[in-house]
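Visitor: Quick one: structure below, then a few questions.
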Amino acid sequence: MEIYEFEVKEDEGRLDKFLTQHINEISRSKIQEAIKNGQVLVNNESVKANYKLKKEDQVWMEYEEEVLELVSEEIPLDILYEDEALFVLNKPAGLVMHPAPGHPKGTLVNRLLAHTRQLSDINGEFRPGIVHRLDKDTSGVLLVAKTNEAHEDLARQFKENLPLREYTALVHGHMESPQGTIDMPLARDPHNRIKFAVQVGGKASITHFKVEKEFKSLTLLKVRLETGRTHQIRVHLSHLKHPVYGDHFYGSPQKLEGDRYCLHAKKVGFYHPVSREWLEFESELPDFFQEILDETL
């Protein structure tokens, strides 16, 4: 793996062109792919390839050349709904979304390809059908687009924060109020680039919560996303000193088998990209999550 770091000396043009000029061994298309995959940061933030660089901008790039072969794997999917435009599935905890260096197989995309070859290709060869994402160890409802038209419409809805995204979370401690809104900007943690943190100047991030049940030292929450930043729920709750149970990465003292944690995408609602009908889908808590609740009662 190679790490590249630059400080921009004067106002420049596009980010992808700048990197192509300064890194001879990597093609512009590969650089654009790295930017899309979040492997390039400007001032600790992910940006687009056409970002116009300014004097004193800090550019950081992580790159690992690996030849990936996209293969299908006959592993069953838990499909909640399917039609010609899309399908809705229940993603298990522990499943990576798409192939990448270090995860060439055993991902959701490998399973999708065994189910159907009719998947949108807007996000590139290795992320067919992927409109939005769930973290590896977050389970729950996920939308997959079959056509580019459906993908574009659903992506627009997510960009405008139209879909309903409701989660169930088990957290440490007791919340200070029975319901509330966490409105705190998020950005990459300057001390650990694979983590995110609440930071002034970060991207606007809003999470709503409601207490469902209190236990001796834990609380069950209904959580609704207004925005959808990477790790948003996990970071917001951790910042309030109520990390998700089992989320050792963001401060939980409890470490569960397989690095799982108690955060589940319970419900998703959206406008069907063809019929415009409002649809909602729910999935049950995974067994390990339900067992923890049963033991806590």
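For the record, in the sequence shown the residue sitting at position 187 is 187 according to the working numbering, with numbers rising by one throughout. The C-beta atom is built at its ideal place from N, Cα and C for all residues, glycine as well. Predicted model, so just to flag it, every value in this text is computed and none were measured.
If you draw a straight line from the C-alpha of P163 to the C-alpha of H132, how long is it?
Guide: Near 11 Å, if we compare the C-alpha coordinates of H132 and P163.
Visitor: Skipping 5 residues on each side, what residues in its chain have a beta carbon closer than 6 Å to that of A169?
Guide: Answer for A169: L221, V223, V244, L263, listed in chain order.
Visitor: If we call anything under 8 Å between Cβ atoms a contact, is L70 one with E125?
Guide: Yes. Within cutoff.
Visitor: Would you kindly work out how many angstroms separate the C-alpha atoms of K267 and T296, rounded to a whole number?
Guide: The straight-line gap from Cα to Cα measures roughly 24 Å.
Visitor: Tell me the rounded alpha-carbon separation between Y51 and N123.
Guide: So the two alpha carbons sit approximately 19 Å from each other.
Visitor: Here's the rule I'm using: 16 or more other beta-carbon atoms within 10 Å means buried, otherwise exposed. How should R260 be labelled?
Guide: Buried.
Visitor: Between the Cα of R276 and the Cα atoms of Q157, K216, L186, S177, which residue gives the shortest distance?
Guide: With distances taken between Cα atoms, R276 lies closest to Q157.
Visitor: Looking only at DSSP bridge pairs, what is I182 linked to?
Guide: Paired residues: T207.
Visitor: Count the other CB atoms, across all protein chains shown, that sit within 10 Å of the CB of M1; report buried if there are 16 or more and exposed otherwise.
Guide: The residue in question, M1, is exposed, as its Cβ has fewer than 16 Cβ neighbours within 10 Å.
Visitor: Can you tell me whether Q21 is buried or exposed, with buried defined as 16 or more other CB within 10 angstroms of its CB?
Guide: Flag for Q21 reads exposed.
Visitor: How should P128 be labelled, buried or exposed, when 16 other C-beta atoms within 10 angstroms of its C-beta is the threshold for buried?
Guide: With 16 or more Cβ atoms within 10 Å of its Cβ, P128 is classed as buried.
Visitor: Provide the residue span of the alpha helix (DSSP H) that contains F289, from first to last.
Guide: It spans 287-296 - the alpha helix (DSSP H) in which F289 sits, taken as one unbroken run.
Visitor: Are M184 and V198 close, meaning C-beta to C-beta below 8 Å?
Guide: Yes, these two residues count as a Cβ contact at 8 Å.
Visitor: State the CB to CB distance for the pair F288 and V88, rounded to an integer number of angstroms; the pair is presumed to be in contact (CB under 8 Å).
Guide: Actually they do not touch by this definition, with Cβ atoms about 22 Å apart.
Visitor: Helix or strand or just coil, what does DSSP make of F126?
Guide: F126 falls in the coil class under three-state DSSP.
Visitor: Quick one: any contact between the region 237-257 and the region 99-116, if contact means 3 or more CB pairs under 8 Å?
Guide: Segments in contact, no.
Visitor: Any chance the region 228-238 sits against the region 202-210, with 3 or more Cβ pairs inside 8 Å?
Guide: Verdict: yes, contact present.
Visitor: Nearest by alpha-carbon distance to S217: which of P76, R165, K195, L293 is it?
Guide: Ranking P76, R165, K195, L293 by Cα distance to S217 puts L293 first.
Visitor: Using a Cβ-Cβ cutoff of less than 6 Å, which residues in the same chain neighbour L19 once the five nearest sequence positions on both sides are dropped?
Guide: Taken in chain order, the residues that qualify are I31.
Visitor: Residue range of the alpha helix (DSSP H) that I75 falls in?
Guide: Counting along the chain, I75 falls outside any alpha helix (DSSP H), and DSSP gives it neither H nor E.
Visitor: May I ask you to report which of helix, strand or coil DSSP gives F215?
Guide: Note: F215 maps to coil in three-state DSSP.
Visitor: Looking at G258 and G94, is the spacing between their C-beta atoms short of 8 Å?
Guide: Yes, they are a contact pair.
Visitor: Taking DSSP as the reference, what is the three-state secondary structure of H98?
Guide: Correct three-state label for H98: coil.
Visitor: If you run the structure through DSSP and keep just helix, strand and coil, what is R133?
Guide: It is coil, neither helix nor strand.
Visitor: Does the Cβ of S205 have 16 or more other Cβ atoms within 10 Å, making it buried, or fewer, making it exposed?
Guide: Under this definition S205 is a buried residue.
Visitor: Which runs of the alpha helix (DSSP H), 4 residues or longer, sit entirely within the region 214-265?
Guide: The region 214-265 contains these whole alpha helix (DSSP H) runs: 232-239.
Visitor: Count the other CB atoms, across all protein chains shown, that sit within 10 Å of the CB of Y63; report buried if there are 16 or more and exposed otherwise.
Guide: It counts as buried.
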